[in-house]
Amino acid sequence: MGIIVSLLNNKYFKCSKKKNCDVFFLKKQKLIYSYNILELIKIGLKRNKDQKICLHKNTKEKLHSMVNFLYKKEFYKPHKHTTDEVYHFIKGKLKIVIFNKKNSLSEIIYLDKNNPIIRIDRHIYHMTIPIGLFSVFH
14 MGIIVSLLNN KYFKCSKKKN CDVFFLKKQK LIYSYNILEL IKIGLKRNKD
64 QKICLHKNTK EKLHSMVNFL YKKEFYKPHK HTTDEVYHFI KGKLKIVIFN
114 KKNSLSEIIY LDKNNPIIRI DRHIYHMTIP IGLFSVFH
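Quick note: the sequence shown uses my numbering, first residue 14, plus one each step.
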């Protein structure tokens with residue numbers, strides 16, 4: 014087991030901003046511990062906003078992999094990606110609204126401990142909505 018360090022330790026994590034960092038990039042360590050996920054939740058709840066821990070080093074890498082803390086808000090924008098995407102439930106409950114090619118509602122899926130993983134094909138519009146105050150997923 015390696016050293017467990019805080020997300021706020023800039024020797025091991027790089028922040029996307031100087032102040033009120035909302036995206037943490039791994040620098041040295043390759044592992045995200047349960048402690049880091051709990052810390053991400055604590056930071057997100059304190060700031061009332063979404064937070065991420067990125068396993069990729071920067072936005073130019075081909076594979077983007079991250080732990081997301083999604084905080085409940087008023088509006089969730091539908092979005093799509095140029096690559097397939099996998100959601101893996103960690104904590105809370107996540108509602109995923111999927112749209113068809115005509116931008117009409119196709120289906121609604123809930124991720125939780127009983128239904129923990131979904132793959133969404135590229136170019137499919139969808140929305141991710143936490144059920145409750147927040148949701149954490151990879």
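By construction, the Cβ of each residue, glycine as well, lies at the ideal position given by its N, Cα and C atoms.
Extent of the continuous beta strand (DSSP E) run through N22: Boundaries cannot be given for N22, as no beta strand (DSSP E) includes it and DSSP labels it neither H nor E.
Residue nearest to I109 in terms of C-alpha spacing, selected from I137, K115 and T95: Among I137, K115 and T95, the Cα nearest to that of I109 is on I137.
Delimiting residues of the alpha helix (DSSP H) encompassing S148: First-last for S148: H139 to F150, but that is the beta strand (DSSP E), not the alpha helix (DSSP H).
Cβ distance (whole Å) where D35 is taken to contact K62 below 8 Å: Indeed they touch by this definition, with Cβ atoms about 6 Å apart.
Strand pairing of Y123, partner residues [DSSP]: Per DSSP, K108.
Simplified DSSP assignment, three categories, for I133: Three-state result, I133: strand.
Residue nearest to K65 in terms of C-alpha spacing, selected from E74, K73, K59 and S78: It is S78 whose Cα lies nearest to the Cα of K65.
Among P129, Y123 and Y48, nearest to P5 - alpha-carbon criterion: The structure shown does not extend to residue 5, since the chain is modelled only from 14 to 151, so the question has no answer here.
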